[in-house]
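Undergrad:
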Amino acid sequence: MTTPKPIYLILSRPFEKLPAGASRFWGNPDLPEDVDYPMYIDDEGDEYPYFFVCQINLAQLAAFAPGNPLPKSGLLSFFAKIDHNLGIFAATDGIQSHCSAPEDVKVLYFPAIDNMREMVIVDDNDNPTAPEELAIGFADRIEPLADDHALFALPTHREWEDWDEPCEGWQILLQVDSFDGMDFSLNFMDCGVLDFLISPEDLAACRFDNVRAIILST
Numbered sequence: 003m004t005t006p007k008p009i010y011l012i013l014s015r016p017f018e019k020l021p022a023g024a025s026r027f028w029g030n031p032d033l034p035e036d037v038d039y040p041m042y043i044d045d046e047g048d049e050y051p052y053f054f055v056c057q058i059n060l061a062q063l064a065a066f067a068p069g070n071p072l073p074k075s076g077l078l079s080f081f082a083k084i085d086h087n088l089g090i091f092a093a094t095d096g097i098q099s100h101c102s103a104p105e106d107v108k109v110l111y112f113p114a115i116d117n118m119r120e121m122v123i124v125d126d127n128d129n130p131t132a133p134e135e136l137a138i139g140f141a142d143r144i145e146p147l148a149d150d151h152a153l154f155a156l157p158t159h160r161e162w163e164d165w166d167e168p169c170e171g172w173q174i175l176l177q178v179d180s181f182d183g184m185d186f187s188l189n190f191m192d193c194g195v196l197d198f199l200i201s202p203e204d205l206a207a208c209r210f211d212n213v214r215a216i217i218l219s220t
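Below, the structure written as C-alpha cells:
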C-alpha cells in the first residue's frame, strides 16, 4: 500500500457552535444514540473517560483529498489517555515514549452520522471538562513554524529507523502536536507530538480497533 500524503489539520475558533457530525478538535464528541462514551479502568481500578481529541467528518475529508485511504463518509473519532499531558492527574495511566497497548487509545468509526448526539463529560461540580471546540480545516502544506497536526504525518519526529515492536512498518494515522489555547495547555514531554499508529493492513481494511499510540520528542 502506498504511503498516503500528509493532510494537515488547520484549527480555528468557530464563530458559532459547530453542527453535529462536523470535524472538530476538542469540545464534545458526537456519538450515536446507542453508543456510550468510551471509558477505561486505570491501574488502581478506578474508571475514567478517555479524553476526546478530535473527530473527522470523512465526507469533508474526501472532498478535500479524494484519494485518501479512509472511508468516504461517516465519522472517525479519536480518544486517548492524555489527561496527564493536559495537567490532569486523577488517573494513573498515560501514553509513554514507546508503542502503547491498544486500550490506551480508542479510534471509533461510525459509517453514518444521522441520529448522533453530543456527549458532554462533566467534573464533580457539573462543569464541562473539555476545552472549547476548535473547527478543523484541511491543507496539504503548512508554514514552517505552524502546529504539526496531521493525518498520515511523516515520522519526522522519530529519531530511529522504525517503530518499536509490535508496530514495525506501521504508519501514522493521526499526529497531534503540543500546543496551547485559551483554556488548555497540551504538552507531550517537552513540546513533542502524539502519534496514533496503524498497520498498513488495518488501514487498507479500515479497521481501527488495534490502533496504538506513542509520544515523541526531538
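Residue 89 in this note's numbering sits at position 87 of the sequence shown, with consecutive numbering throughout. Each residue gets a CB set at the ideal place from its N, CA and C atoms; glycine is no exception. These numbers were taken from a predicted model, which means no experiment stands behind them.
#1: Going by DSSP in three states, F81 sits in which element: helix, strand or coil?
#2: I'd like to know whether the C-beta atoms of R214 and L199 end up nearer to each other than 7 Å.
#3: With a Cβ-Cβ cutoff of 7 Å, do T4 and D45 count as a contact?
#4: Whether or not the stretch 136–145 and the stretch 10–19 are in contact is what I'm after, with contact meaning three or more pairs of Cβ atoms, one per stretch, closer than 8 Å; do they touch?
#5: Taking Cβ to Cβ, would you say F53 is nearer than 7 Å to D85?
#6: Straight-line CA distance for D204 to N212?
#7: Please work out which residues of its chain come closer than 6 Å, Cβ to Cβ, to V124, disregarding the five sequence neighbours upstream and downstream, and give them in chain order.
#8: Kindly give me the distance between the Cβ atoms of I217 and M191, rounded to whole angstroms, as I take these residues to be in contact under 8 Å.
#9: With DSSP collapsed to three states, give me the class of I120.
#10: Given 8 Å as the limit, is there contact between the stretch 27–42 and the stretch 59–67, that is, 3 or more CB pairs closer than that?
#11: Under 8 Å Cβ to Cβ from V122, same chain only, skipping five residues before and after it: list those, please.
#12: Under three-state DSSP, which class holds N87?
TA: On the basis of the data shown:
#1: Along the sequence shown, one-based indexing puts residue 81 at 79. Strand.
#2: Residue mapping note: residue 214 aligns to position 212 of the sequence shown, counting from 1. Residue mapping note: residue 199 aligns to position 197 of the sequence shown, counting from 1. Yes; because the gap between Cβ atoms is below 7 Å, this pair is in contact.
#3: Taking the sequence shown and counting its residues from 1, the one referred to as residue 4 is at position 2. Taking the sequence shown and counting its residues from 1, the one referred to as residue 45 is at position 43. No, Cβ-Cβ distance for T4 and D45 is not below 7 Å.
#4: At 8 Å Cβ cutoff, the stretches touch.
#5: Taking the first residue of the sequence shown as 1, we reach residue 53 at position 51. Taking the first residue of the sequence shown as 1, we reach residue 85 at position 83. Yes, they are a contact pair.
#6: Against the sequence shown, residue 204 aligns to sequence position 202. Against the sequence shown, residue 212 aligns to sequence position 210. If I take the Cα positions, the gap works out to 8 Å.
#7: As a first step, residue 124 is located in the sequence shown; it is residue number 122 there, counting from the start. Only P130 meet the Cβ criterion.
#8: Numbered from its first residue, the sequence shown carries residue 217 at position 215. Numbered from its first residue, the sequence shown carries residue 191 at position 189. Yes, I217 and M191 are in contact; Cβ-Cβ is about 6 Å, under 8 Å.
#9: Counted from its first residue, the sequence shown places residue 120 at position 118. A quick correction: the sequence has Glu, not Ile, at residue 120. When secondary structure is reduced to three states using DSSP, E120 falls in the strand class.
#10: The way I'd put it, the stretch 27–42 doesn't touch the stretch 59–67; fewer than three beta-carbon pairs between them come closer than 8 Å.
#11: Walking along the sequence shown from the start, residue 122 turns up at place 120. Counting only Cβ-Cβ distances below 8 Å, and skipping sequence neighbours, we find N30, P130 and A132.
#12: For this step, residue 87 is matched to residue 85 along the sequence shown. When DSSP states are grouped into helix, strand and coil, N87 belongs to the helix group.
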